[in-house]
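Position one of the sequence shown corresponds to residue 132 (the numbering used here), numbered consecutively onward. Written below as structure tokens is the structure these notes are about.
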Amino acid sequence: MTQNNVQICGQQICQRCKKQLAIVLSRKEYFCEDCFCKFVSLKQRKAMMLDSYYQDIFKVMYKDKIRSVEEAELLNKNSRILVPLSFGSSSLTVLDILNETLLEQKKQQFGKTGFTVHVLNCYQAPTSNKLKEDFEKAKSLIHDLENYRYYENKDNIKFYMVELDSFYNTKDLTKIVLDNKDFSTTLTDFVSNNTQYTLHDLLLECPSKSTREDFLTIIKAQLVKKFAYQHKFKAILWGNSMTKVADEIISLIVKGRGEQIASSLNNSSVDPMTENCDHSFKNLYPLKDVLLSEVDTYVHIKSLEKYLINYTNSDSLMIYDKFNGDNNITSSKPLVKNMTINDISRKYFQTIEDDYSNIISTVVRTGEKLGNPTNHSSTKSKKCTICNSIFINEPANWLTTITETEGHPIETEEEKGLYMRWQQSIDHSTETDVVDSKIDNTNKPDLLCYGCTVMLNTVNKQQIIWPKNDQDELNDILKEFVLTDDNED
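Below, the structure is given as structure tokens:
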């Protein structure tokens with residue numbers, strides 16, 4: 132029996148403290164409850180001290196050679212961070228560790244804290260019974276978190292709820308139309324017939340589950356970032372575990388968005404959306420070194436399972452089966468044909484987490500080493516009209532060269548008859564709106580990145596309604612946000 136692998140009466144002892152019984156086995160190491168929670172917490176806290184920028188946010192500042200008492204107090208007051216809350220295990224873990232950090236600061240720094248946490252939940256308009264149920268549950272859980280679990284930090288943790296339809300709360304909407312023959316894009320001003328365009332209208336035009344998920348992901352990210360910009364937050368702490376980051380890297384590659392990997396994982400530079408604005412913020416992934424199974428185990432130990440919505444917690448790291456309740460009930464496995472690209476990628480990484488976690492960390496490390504694409508052409512880099520990502524290639528030209536849009540010519544009477552029957556039965560709503568033939572599409576600049584071009588090609592009529600991406604829209608849309616705390620700002 133080795134010194135690091137102690138057993139008492141057949142039960143495993145924690146390899147960290149060498150005192151308590153182990154209940155968790157992760158990365159071939161045995162942990163007791165306290166040591167495992169400390170292990171996860173230290174991973175996040177290490178990320179929060181990544182460089183001087185984040186240290187100035189999370190530390191309690193005092194007078195020193197660089198700053199006066201007033202400057203230190205102002206820095207503590209203005210150190211405001213945003214945490215997007217999805218009611219999954221990762222975002223709840225990020226929030227819980229931040230709460231513990233604030234409590235420790237109050238205890239050790241004579242009641243002072245170095246930062247405040249603002250929590251944002253984006254929800255879909257309750258247009259169905261399921262969405263209504265999720266919305267009511269989210270409101271109830273936020274009330275519980277604010278007034279009970281995190282009551283001691285009520286002054287330092289604020290909660291907000293924002294409807295995803297806020298994305299369309301702007302007068303400046305544009306219609307983006309894709310020509311599915313040469314993949315050129317046309318933008319025209321959208322004039323509504325006295326009706327508010329909604330997210331529901333957009334999703335109705337998306338026959339593919341993958342396309343609907345992609346649009347929801349883009350819209351949620353843009354809303355969170357716009358909220359952070361207007362309220363002058365210094366950083367967004369995204370609740371992405373190592374497994375989730377690896378899943379995103381592979382999914383971006385499959386979707387043709389590989390050039391976005393470097394910018395999406397960049398912790399040190401300001402978000403590209405705010406580069407030319409009067410305020411900027413950075414993105415941080417504090418759980419990037421923690422596996423999803425470890426996050427799930429933390430949630431169980433800390434009794435956070437009752438705050439989960441539409442998420443099934445995993446018990447794969449527990450030595451003893453201590454899971455109870457509805458959250459650990461095995462759900463029916465979806466058919467592969469009904470799974471999105473992210474679903475398939477996520478399922479793969481969750482399958483290999485226990486035995487081959489090094490594969491996940493290798494994917495993440497490789498993604499972090501990638502740099503932004505180098506522009507070797509004379510043309511300037513462009514920003515995608517939909518996802519706001521920077522791209523330097525010409526996706527329309529490339530797609531035209533590799534895509535055959537013309538069918539094989541009709542050769543027999545039988546083929547002619549079949550073609551006529553097909554033409555009479557097709558749904559003409561899937562055809563692209565006719566663009567004025569007088570418009571010259573030659574040398575038209577690319578307005579969409581490759582990933583969004585492919586995505587738009589799957590939408591009915593190959594067209595969508597989208598807000599204009601400019602400074603006025605950035606400010607206008609956020610004024611419509613509904614906050615749970617009417618006294619905030």
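Glycine included, each C-beta is placed from N, C-alpha and C at the ideal position.
In its own chain, which residues sit with a C-beta less than 7 Å from the C-beta of Val590, not counting the 5 before and 5 after it? For Val590, where only same-chain residues beyond five positions count, the Cβ hits under 7 Å are Glu336, Cys337 and Thr342.
Secondary structure at Arg343, three-state DSSP: helix, strand or coil? Helix, per DSSP.
Backbone secondary structure at Asp291 - three-state DSSP: Note that residue 291 corresponds to Tyr in the displayed sequence, not to Asp. In the structure shown, Tyr291 falls within a strand segment according to DSSP collapsed to helix, strand and coil.
Touch check for the segment 227-246 and the segment 175-188: three-plus C-beta pairs under 8 Å? Yes, since at least three Cβ pairs between the segment 227-246 and the segment 175-188 fall closer than 8 Å, the two stretches touch.
Give the straight-line distance between the Cα atoms of Ile350 and Phe298, rounded to the nearest whole angstrom. Distance between the alpha carbons of Ile350 and Phe298 is about 7 Å.
Residue range of the unbroken beta strand (DSSP E) whose run includes Asp187: For Asp187, there is no enclosing beta strand (DSSP E); the residue is part of the alpha helix (DSSP H) that begins and ends at Ser183 to Phe189.
Cβ contact (3+ pairs, closer than 8 Å) linking the segment 354-366 and the segment 406-425: Yes: the two stretches touch, three or more of their Cβ pairs being nearer than 8 Å.
Out of Lys261, Asn407, Glu546 and Val225, state which residue places its alpha-carbon closest to the alpha-carbon of Leu251. Looking at the Cα atoms, Val225 is the closest of the given residues.
Straight-line gap, Arg477 to Ala377 (C-alpha atoms, nearest Å): It is roughly 9 Å from the alpha-carbon of Arg477 to the alpha-carbon of Ala377.
Per-residue burial, Ile541 [other beta carbons within 10 Å of its own, 16 or more giving buried]: Ile541 comes out exposed.
Taking all protein chains shown into account, do 16 or more other C-beta atoms lie within 10 angstroms of the C-beta of Tyr581, making it buried, or fewer, making it exposed? With 16 or more other Cβ atoms within 10 Å, it is buried.
Using DSSP with H/G/I as helix, E/B as strand and the rest coil, what is Ala366? Three-state result, Ala366: strand.
Below 8 Å on the Cβ atoms is my contact criterion, and I expect Ile154 with Tyr479 to pass it. Report the Cβ-Cβ distance as a whole number of Å. Cβ atoms of Ile154 and Tyr479 stay farther apart than 8 Å, at about 28 Å.
Arg496 - DSSP class collapsed to helix/strand/coil: DSSP places Arg496 in the helix class (H, G or I) of the three-state scheme.
Using the Cα positions of Pro526 and Gly502, report the straight-line distance between them to the nearest angstrom. For Pro526 and Gly502, the distance between alpha carbons rounds to 20 Å.
With DSSP as the reference, identify every bridge partner of Val211, one or two as the case may be. Note that residue 211 is Arg in the sequence shown, not Val. Per DSSP, the beta-bridge partners of Arg211 are Thr247.
Determine contact between the segment 195-213 and the segment 258-267, defined as no fewer than three beta-carbon pairs at a distance below 8 Å. As far as the Cβ criterion goes, the segment 195-213 does not touch the segment 258-267, which means the pair count is below three.
Excluding five sequence neighbours on each side, which residues of the same chain lie with their C-beta closer than 7 Å to the C-beta of Glu425? In the same chain as Glu425, and ignoring 5 residues on each side of it, the C-beta atoms closer than 7 Å to its own belong to Ser157, Val171 and Leu448, in chain order.
Could you tell me the distance, in whole angstroms, from the CA atom of Leu79 to the CA atom of Glu202? Examination of residue 79 is not possible in this model, given that the chain is present from 132 through 620 alone.
Applying the 10 Å Cβ sphere with the 16-neighbour rule, what's the burial state of Ser323? Under this definition Ser323 is an exposed residue.
With which residues is Ile144 paired in a DSSP beta bridge? Per DSSP, the beta-bridge partners of Ile144 are Leu152.
Val308, enclosing beta strand (DSSP E) - first and last residue: For Val308, the enclosing beta strand (DSSP E) begins and ends at Leu304 to Leu309.
Report the CB separation of Pro598 from Asp303 in whole angstroms; it is logged as a contact under 8 Å. That belief holds up - the Cβ atoms of Pro598 and Asp303 are roughly 7 Å apart, short of 8 Å.
Opposite Thr348 in the DSSP bridges: which residues? Paired residues: none, contrary to the question.
For the beta strand (DSSP E) containing Asn414, name the first residue and the last one. First-last of the beta strand (DSSP E) with Asn414: Lys413 to Leu415.
Presumed contact (8 Å Cβ cut-off) between Leu418 and Gln175, rounded CB distance: Confirmed, about 6 Å.
Option nearest Leu173 by Cα separation, candidates Tyr184, Gln555, Thr532 and Asp420: Of the candidates Tyr184, Gln555, Thr532 and Asp420, the one whose C-alpha sits nearest the C-alpha of Leu173 is Asp420.
One question on the structure: do Glu484 and Ile491 come within less than 8 Å of each other, judged by their Cβ atoms? Cβ atoms of Glu484 and Ile491: closer than 8 Å.
Considering only the alpha carbon of each residue, which of Thr405, Thr543, Ile432 and Ser400 lies closest to Tyr185? From the listed residues Thr405, Thr543, Ile432 and Ser400, the smallest Cα separation to Tyr185 is found for Ser400.
When Ile517, Gln594 and Ile144 are compared against Leu347, the one with the closest alpha-carbon: Ranking the options by Cα distance to Leu347, first place goes to Ile517.
Span separating the alpha-carbon of Val565 from that of Asn588: Residue confidence for Val565 is low, a pLDDT of 45 falling below 50, so the modelled location carries little weight and cannot support an answer.
Best match in Tyr279, Cys515, Gln151 and Tyr282 for proximity to Pro403 [C-alpha to C-alpha]: Closest by C-alpha distance to Pro403, out of Tyr279, Cys515, Gln151 and Tyr282, is Cys515.
Beta-carbon proximity of Ser199 to Gln391, cut-off 8 Å: At the C-beta level, Ser199 and Gln391 stay beyond 8 Å of one another.
Tell me whether the beta-carbon of Ile381 lies closer than 8 Å to the beta-carbon of Gln594. For the pair Ile381 and Gln594, the CB atoms are not nearer than the 8 Å cut-off.
Going by beta-carbon coordinates alone, are Ser217 and Asn444 separated by less than 8 Å? When the beta-carbon positions are compared, Ser217 and Asn444 stay at least 8 Å from each other.
In this structure, does DSSP put Cys166 in helix, strand or coil? Cys166 falls in the helix class under three-state DSSP.
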